[in-house]
Amino acid sequence: MKRPKNEAGFTFPEMLVVLLIVSVITALAFAGFKPVKHTIVKKMFINQLENDLYLAQTDAISRQTNVYVQFFRQSNMYAIFEARKNATIVKRRLPEGIKMFENGSFHSYAIGPDGNVTQFGTLYFQSGQEQIKLVTHIGSGRFYVEE
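Residue numbers (full-length UniProt numbering): 1 to 147.
Set out below in structure tokens:
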């Protein structure tokens with residue numbers, strides 16, 4: 001028994017066109033995820049850095065001791081440790097895609113028992129094409145991270 005022409009289904013070229021359209025739409029959808037991931041990693045890094053520095057300041061005040069914050073450019077990490085016990089409080093590697101610049105004005109500083117810092121300055125980070133700036137103010141112990 002022969003089928004009528006209108007019930008024969010789709011032809012091979014029609015299937016290829018549909019498959020091409022679906023492939024292009026899928027590729028365009030996934031192309032937008034990489035910038036979103038980069039933005040999330042950058043925001044999480046800034047948040048983590050701020051939280052770690054607040055932790056260092058709080059620890060120095062509550063334990064009435066000096067706490068040191070040190071940035072290691074070669075190994076792309078930072079560490080926070082207590083002077084009295086020589087114990088590491090935090091040791092973190094920077095996320096992939098974020099690097100420290102060589103032209104920052106400090107590599108380390110101490111936070112005293114009163115919460116004040118011994119050194120002020122700016123430390124720069126590179127995240128893709130964007131620059132992140134950590135600024136520490138003299139004496140007061142205040143800092144901010146700017147995108």
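Glycine included, C-beta positions come from ideal geometry on N, C-alpha and C. Bear in mind that the values here come from a model prediction, so they are computed numbers and not experimental data.
Using only the alpha-carbon positions, how far apart do residue i and residue j sit?
i    : j    : result
E50  : A56  : 10 angstroms
E14  : H38  : 38 angstroms
K85  : P35  : 42 angstroms
V17  : E96  : 39 angstroms
K43  : G115 : 26 angstroms
Y78  : V22  : 46 angstroms
F106 : L28  : 43 angstroms
Y68  : E147 : 24 angstroms
G139 : G112 : 10 angstroms
Q64  : F120 : 21 angstroms
Q126 : Q48  : 16 angstroms
E102 : D52  : 22 angstroms
Taking the beta carbon of residue i as the centre, do at least 16 other beta carbons fall within 10 Å, making it buried, or is it exposed?
i    : result
Y109 : buried
T136 : buried
G128 : exposed
V24  : exposed
I40  : exposed
G141 : buried
F10  : exposed
A60  : buried
L19  : exposed
For residue i, report the span of its alpha helix (DSSP H) as first-last.
i   : result
E14 : F12 to A31
Considering residue i, what are the terminal residues of the beta strand (DSSP E) in which it resides?
i    : result
G121 : G121 to S127
R93  : A87 to R93
T136 : E130 to T136
If you reduce the DSSP assignment to three classes, tell me which class residue i lands in.
i    : result
E102 : coil
I40  : helix
M50  : The sequence shown places Glu at residue 50, rather than the Met named in the question. Note: E50 maps to helix in three-state DSSP.
A60  : helix
Is residue i close to the ligand SAM? I mean its beta-carbon at under 6 angstroms from any heavy atom of the ligand.
i    : result
G121 : In terms of ligand content, the structure shown is empty, and the ligand SAM therefore cannot be addressed.
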